[in-house]
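Here my numbering is used: position 92 in the sequence shown is 307, and no number is missing along the way. Reading through the structure tokens given below for one structure.
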Amino acid sequence: MPEPAISNQGPPIPVSRGLWSFPRNPNTMGRMATTIALVTGANKGIGFEIARGLAAKGAHVLVGARDADRGRAAAATITSEGGSAEFVELDVTRPDTAAALAEDVDRRFGRLDILVNNAGVFADDGDTTDIRLSTMEHVFAVNVFGVVTVTNALAPLLRAADAARIVNVSSELGSATHMSDPTSLYTAMQPGAYGASKAALNLLTVSYAKQFQDTPIRVNAISPGYCATDMNGHVGPRSAVDGAGIAVELALAGADAPQGTFRTDDPLAAGTVLPW
Ligand SMILES: NC(=O)c1ccc[n+]([C@@H]2O[C@H](COP(=O)([O-])OP(=O)(O)OC[C@H]3O[C@@H](n4cnc5c(N)ncnc54)[C@H](OP(=O)(O)O)[C@@H]3O)[C@@H](O)[C@H]2O)c1
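This is the structure:
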């Protein structure tokens with residue numbers, strides 16, 4: 216029997232694949248009209264499609280970007296399609312931008328319903344013995360320290376929401392089980408600095424999930440699969456829309472949302488629940 220997409224406790228949330236379909240008027244979408252979602256690194260790639268997908272479901276999306284022009288352009292695309300979105304300045308390596316954003320969201324909305332930690336960078340120095348410390352520092356600064364900076368700055372606002380969702384965009388390259396499995400898709404690769412950063416992100420996901428276990432907040436990690444984006448010179452077999460689907464699904468999951476899991480909907484993966 217195929218594994219259910221989210222959990223065996225209820226039906227998965229239906230999410231459009233391919234082109235997102237926008238509601239005619241997001242302000243008539245009931246509760247979703249007031250759902251406030253922040254996506255980091257949302258100006259392009261998978262993050263943009265996550266933002267677009269959440270807006271298509273009626274959320275008001277804060278399009279986090281470190282560059283104002285790129286962020287505004289992305290938000291404008293979503294609003295031109297009928298979604299509700301706005302650019303917010305957020306460089307995940309700059310705690311001052313996270314603190315200012317938290318203050319702004321608190322003042323204007325008093326809560327945050329959805330946080331998608333998507334911003335990420337990839338670097339490959341080749342063999343593990345050739346990894347430069349500067350590469351480790353750069354990759355960890357965004358993929359790991361950035362997630363802690365943003366999540367912790369926004370934690371009081373996530374607690375203030377009815378049942379906040381946190382989705383961390385990880386990678387199968389961060390699965391120690393997969394990367395040491397000789398039959399895995401990526402077995403020829405040394406996970407290197409990038410894989411180590413996503414493994415750290417995975418364990419942080421477990422840590423946040425444990426902290427929030429007795430609250431309605433649900434925290435999960437996802438792997439979008441190998442998607443054609445700027446990160447890899449557009450060579451992945453999946454599209455950014457494909458990669459965004461599972462993140463949107465978990466961000467919108469209801470009371471039966473899983474806690475502290477690592478999920479994918481990549482048909483090339485060995486299953487929908489990935490091993491750490
Ligand atoms: N593509 C894949 O095959 C794949 C597979 C597994 C996991 N992932 C993960 O998916 C996520 C999105 O990747 P992508 O493929 O969409 O890559 P992408 O097209 O290169 O997008 C990365 C995004 O992160 C932003 N970013 C980088 N550093 C940042 C910082 N310091 N502060 C704020 N934003 C920052 C980028 O902003 P700028 O435009 O300003 O640089 C951009 O918006 C990443 O976490 C990545 O590790 C991707």
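Heads up, the beta-carbon is just placed ideally off N, CA and C, and yes, glycines get one too.
Whole angstroms is fine: what's the gap from residue i's alpha carbon to residue j's?
i	j	result
A370	F324	14 angstroms
R267	G451	20 angstroms
R322	A315	11 angstroms
T392	I346	22 angstroms
Y401	L388	7 angstroms
A484	S399	9 angstroms
T343	T420	25 angstroms
A472	L348	38 angstroms
G286	V278	6 angstroms
A470	T430	11 angstroms
A403	V276	38 angstroms
V331	P397	32 angstroms
P490	S390	6 angstroms
R374	I432	7 angstroms
T487	G440	11 angstroms
A376	I329	9 angstroms
G297	L372	27 angstroms
N447	V384	16 angstroms
E318	A368	9 angstroms
E352	D340	13 angstroms
D282	V354	19 angstroms
G361	L465	21 angstroms
A379	A257	19 angstroms
R453	C442	4 angstroms
T249	V320	13 angstroms
D481	D457	8 angstroms
V336	F263	15 angstroms
D284	K425	38 angstroms
A274	H449	28 angstroms
A411	A288	33 angstroms
R239	L418	Residue placement at R239 is poorly supported in this model, since its pLDDT is 48, which falls under 50; the coordinates still yield a value, given next. Cα to Cα, the separation comes out at about 40 angstroms.
If you measure between the beta carbons of residue i and residue j, is that distance less than 8 angstroms?
i	j	result
V307	V357	yes
S386	K413	yes
A334	T350	no
I265	A459	yes
V463	I381	no
A455	I261	yes
I437	L327	no
A313	A300	no
L269	V359	no
L253	A280	no
A423	T476	Inspection of the sequence shows that residue 423 is occupied by Tyr rather than by Ala. Going by C-beta atoms, Y423 is not nearer than 8 angstroms to T476.
Q474	Q405	no
So who's on the other strand from residue i, going by DSSP bridges?
i	result
I381	L330 and V434
A252	V276 and I329
F520	Outside the shown range of the chain (216 to 491) lies residue 520, about which nothing can therefore be said.
S349	For S349, which the question treats as bridged, DSSP gives no partner whatsoever.
V303	G279
V488	R478
R453	C442
Since residue i contacts residue j with CB under 8 angstroms, what's their CB separation in whole angstroms?
i	j	result
L467	K272	6 angstroms
T444	I461	Not a contact, Cβ separation roughly 15 angstroms.
P310	T364	5 angstroms
Quiz prompt | beta strand (DSSP E) segments (min. 3 residues) lying fully within the region 365-411 | solution = 380-384
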